[in-house]
Structures are given as structure tokens and as C-alpha cells.
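Following: one structure in C-alpha cells, then a few remarks.
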């Protein structure tokens, strides 16, 4: 009986590890993708096929040694949609 209880607990625990689907920008409107980033501060969005990236609202969602650069992605209603920024390694003093 103890083995059954342990097996049942392991099965239930594994359910939380299932990956959640990622929103795909080419299938969504530009405004919907932009709103996700604005509302959450940071969001991982699919950019087509198996590619994805993390987009942020502002620099406060990056590490201290990172800078931001504008991020443009394809969307259902426009080929170049500004969704926010990407965090990139660098410093404020780099050109």
C-alpha cells in the first residue's frame, strides 16, 4: 500500500513539470503581444517556428550588467511589431 501511495504522489508531482505553451507572435496581433510584455514586465514569446526570446518592458527587468535594445517581431497584422526590448550583455559606456 505504501508503494502505491508513493507512486501516486510521484505521478501527481510530475504533472506540474509539464511545459506550458508559449504565445507565438506570428499568430497574434501586435497589440496582444505588446500588451503581454507591458502587463507582466517580461514575457517569453515565440517568434516563429521553434524560436523564442524574452522581451521586457524596461531595463529594470534586466540584470545589472545588461542594457536594452528595441525588439521587433513578426505579428499577424504587421511584419515588424515593436513589443518592447531585449536584454543584452554590455554596459552603458559601450558604443
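In our numbering, the protein residues as written are 1048 to 1142. Yeah, the Cβ is synthetic: ideal placement off N, Cα and C, and Gly gets one too. Source: prediction; values computed, not measured.
Check residue i in the structure and name its three-state DSSP category.
i, result
"residue 1098", "strand"
"residue 1080", "helix"
"residue 1068", "coil"
Leaving out five residues on either side along the sequence, give the residues of the same chain with a beta carbon under 6 angstroms from the beta carbon of residue i.
i, result
"residue 1071", "1093"
"residue 1077", "1122, 1124, 1125 and 1128"
"residue 1083", "1090"
In terms of alpha-carbon separation, which member of the options lies closest to residue i?
i, options, result
"residue 1116", "1125, 1127, 1081 and 1103", "1103"
"residue 1085", "1137, 1133 and 1105", "1105"
Based on the DSSP output, what are the partners of residue i in its beta bridges?
i, result
"residue 1022", "The structure shown does not extend to residue 1022, since the chain is modelled only from 1048 to 1142, so the question has no answer here."
"residue 1090", "1102"
If you draw a straight line from the C-alpha of residue i to the C-alpha of residue j, how long is it?
i, j, result
"residue 1121", "residue 1073", "5 angstroms"
"residue 1064", "residue 1112", "Caution is warranted here: a pLDDT of 49 is assigned to residue 1064, below 50, making its placement in the model unreliable, and the coordinate value is therefore given only provisionally. Distance between the alpha carbons of residue 1064 and residue 1112 is about 31 angstroms."
"residue 1131", "residue 1096", "20 angstroms"
"residue 1079", "residue 1050", "47 angstroms"
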